[in-house]
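Chemist: Following the numbering used here, the numbering of the sequence shown begins with 12 at its first residue and continues without gaps. Structure provided below as structure tokens; questions to follow.
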Amino acid sequence: MDYLERKRMSSTEDFVRERIKDLYGSIPKFAREIEIPEQSIYTVLRKGFGGSSINVVIPICKALHLDPMALRDGRIRGVDPEFMDMQVVSVVSAGIPIDELAVEGITHPVPIAMGKAYPNAKLVKVNGTSMDRVLPDGSMALVDFGAEVKTGDIALVCADGADGVIKRVRLLTHGIELIPDSTDPTHETELIRCSDEGCTNIEVRGKVIWCTLPFDFIVPWKHD
Numbered sequence: 012m013d014y015l016e017r018k019r020m021s022s023t024e025d026f027v028r029e030r031i032k033d034l035y036g037s038i039p040k041f042a043r044e045i046e047i048p049e050q051s052i053y054t055v056l057r058k059g060f061g062g063s064s065i066n067v068v069i070p071i072c073k074a075l076h077l078d079p080m081a082l083r084d085g086r087i088r089g090v091d092p093e094f095m096d097m098q099v100v101s102v103v104s105a106g107i108p109i110d111e112l113a114v115e116g117i118t119h120p121v122p123i124a125m126g127k128a129y130p131n132a133k134l135v136k137v138n139g140t141s142m143d144r145v146l147p148d149g150s151m152a153l154v155d156f157g158a159e160v161k162t163g164d165i166a167l168v169c170a171d172g173a174d175g176v177i178k179r180v181r182l183l184t185h186g187i188e189l190i191p192d193s194t195d196p197t198h199e200t201e202l203i204r205c206s207d208e209g210c211t212n213i214e215v216r217g218k219v220i221w222c223t224l225p226f227d228f229i230v231p232w233k234h235d
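Next up, the structure:
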């Protein structure tokens, strides 16, 4: 992590004051954004970070991407934010093909590096157990929409009018195989044939490039 270029100021507090103005426009607006009393921020900037409550210092530093321990020592050190909240756009099936389930106001942290590397990616929630060796039921899968999908990839596929099927795929000349990767042997490979030369009944929407388990997921110590 790189040190920020420090301006010619008399103190770290001056630097932070200017950074707040650069990023948020004013201290009152900054206080509202981080939900810290405005007076508490003014107190920190007057007294200094070394003698201030860590409960106030941490939110300030998090919002400004600064290292709080360095700041309390009178040094300026920048940190790159690691995660960002991404909207979950749909719930998709990893079982029997179903229509997409509605999602309202659900977000989940995603590494910022992934967001930058895959600007067309969107987050979906996995519903079902047919891919539970790699995508347990309830997982969040980051799908790169429009990406090239090859045989062996895990993809989001729309087949025969049903949306939101996530499976490992095998691309065929006149169709596609949807291959489960599950602890449940009742899930079977499904072959979908093209209804015509244009293959209009099969749409490979995107490639799964990253996933994360739900926060309340408990790793099973054995499989039944």
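Think of the CB as a built atom: it goes at the ideal place given N, C-alpha and C, for glycine as much as any other residue.
Under 9 Å, do residue 158 and residue 218 count as touching if we go by C-beta distance?
Modeler: Counted from its first residue, the sequence shown places residue 158 at position 147. Counted from its first residue, the sequence shown places residue 218 at position 207. Going by C-beta atoms, residue 158 is nearer than 9 Å to residue 218.
Chemist: Check this for me: beta carbons of residue 189 and residue 170, under 9 Å apart or not?
Modeler: Here residue 189 corresponds to residue number 178 of the sequence shown, with the count starting at 1. Here residue 170 corresponds to residue number 159 of the sequence shown, with the count starting at 1. Their beta carbons are under 9 Å apart, which means residue 189 touches residue 170 by this criterion.
Chemist: Measure from the alpha carbon of residue 119 to the alpha carbon of each residue in 26, 140, 94, 64, then state which is nearest.
Modeler: Numbered from 1 along the sequence shown, position 108 holds the residue referred to as residue 119. Nearest option by C-alpha distance: 94.
Chemist: Under a CB-based cut-off of 9 Å, is residue 33 close to chain B?
Modeler: The structure shown contains no chain B; it is built from a single protein chain.
Chemist: Given a cut-off of 9 Å, decide if residue 149 and residue 224 are closer than it, judged by their beta-carbon atoms.
Modeler: Numbered from 1 along the sequence shown, position 213 holds the residue referred to as residue 224. Numbered from 1 along the sequence shown, position 138 holds the residue referred to as residue 149. The answer is yes: Cβ separation under 9 Å.
Chemist: Could you pull out every residue in the same chain whose Cβ sits closer than 8 Å to the Cβ of residue 84, ignoring the five residues on either side in sequence?
Modeler: The residue labelled residue 84 in the question sits at position 73 within the sequence shown. Cβ within range, chain order: 61.
Chemist: So residue 160 and residue 180 are in contact, right, with Cβ under 8 Å, and what is the actual spacing, rounded?
Modeler: Indexing the sequence shown from 1 puts residue 160 at position 149. Indexing the sequence shown from 1 puts residue 180 at position 169. Between residue 180 and residue 160 the Cβ distance is about 7 Å, and since that is below 8 Å, they are a contact.
Chemist: Sorted by chain position, which residues of the same chain lie with C-beta nearer than 7 Å to residue 137's C-beta, five sequence neighbours on each side aside?
Modeler: Numbered from its first residue, the sequence shown carries residue 137 at position 126. Around residue 137: 103, 105, 146, 148, 149, 150, 152, 177.
Chemist: Which runs of the beta strand (DSSP E) fall wholly inside the region 94-154 and span at least 3 residues, in chain order?
Modeler: Entirely contained in the region 94-154, the beta strand (DSSP E) runs reaching 3 residues are, in chain order, 94-104, 118-122, 132-138.
Chemist: Does DSSP classify residue 54 as helix, strand or coil?
Modeler: In the sequence shown, counting from the first residue as 1, residue 54 sits at position 43. In this structure, residue 54 counts as helix in the three-state DSSP scheme.
Chemist: Have a look at residue 26 and residue 42 and give me their C-alpha separation to the nearest angstrom.
Modeler: Numbered from its first residue, the sequence shown carries residue 26 at position 15. Numbered from its first residue, the sequence shown carries residue 42 at position 31. Cα-Cα distance, rounded: 17 Å.
Chemist: Measure the C-alpha to C-alpha separation of residue 165 and residue 143 and round it to an integer number of angstroms.
Modeler: Counting from 1 along the sequence shown, the entry for residue 165 is found at position 154. Counting from 1 along the sequence shown, the entry for residue 143 is found at position 132. Residue 165 and residue 143: Cα-Cα distance of roughly 12 Å.
Chemist: According to the neighbour-count rule (16 or more other Cβ atoms, all chains shown, within 10 Å of its Cβ), is residue 17 buried or exposed?
Modeler: Locating residue 17 in the sequence shown gives position 6, counting from the first residue. Because the pLDDT at residue 17 is just 43, under 50, the model does not fix this residue reliably, and the point stays unresolved.
Chemist: Could you give the distance in angstroms between the alpha-carbon of residue 260 and the alpha-carbon of residue 213?
Modeler: Outside the displayed range of the chain (12 to 235) lies residue 260, so it cannot be described from this structure.
Chemist: Using a Cβ-Cβ cutoff of less than 6 Å, which residues in the same chain neighbour residue 167 once the five nearest sequence positions on both sides are dropped?
Modeler: Within the sequence shown, the letter at position 156 stands for residue 167. Excluding residues within five positions, the ones whose Cβ falls inside 6 Å are 154, 177, 216, 217.
Chemist: Give me the Cβ distance between residue 82 and residue 72, rounded to the nearest whole Å; I'm assuming they're in contact under 8 Å.
Modeler: Your numbering for residue 82 matches position 71 in the sequence shown. Your numbering for residue 72 matches position 61 in the sequence shown. Yes, residue 82 and residue 72 are in contact; Cβ-Cβ is about 6 Å, under 8 Å.
Chemist: Taking DSSP as the reference, what is the three-state secondary structure of residue 47?
Modeler: The count along the sequence shown starts at 1 and reaches residue 47 at position 36. In the structure shown, residue 47 sits in coil (DSSP, three-state: anything other than H, G, I, E or B).
Chemist: Roughly how many angstroms lie between the CA atoms of residue 88 and residue 121, to the nearest whole one?
Modeler: In the sequence shown, residue 88 corresponds to position 77, counting from 1. In the sequence shown, residue 121 corresponds to position 110, counting from 1. Spanning the two alpha carbons is a distance of roughly 24 Å.
Chemist: Got a sec? Which residues, its chain only, sit under 6 Å from residue 192 by beta carbon, not counting five neighbours each side?
Modeler: Residue numbering aside, residue 192 sits at position 181 when the sequence shown is read from its first letter. Same-chain partners within the cutoff: 142, 144, 145, 179.
Chemist: So, residue 316 versus residue 30, is the Cβ gap smaller than 9 Å?
Modeler: Residue 316 cannot be examined here, being either before or after the span of the chain that is shown, 12 to 235.
Chemist: With DSSP as the reference, label residue 224 as helix, strand or coil.
Modeler: As a working mapping, residue 224 is identified with position 213 in the sequence shown. In this structure, residue 224 counts as coil in the three-state DSSP scheme.
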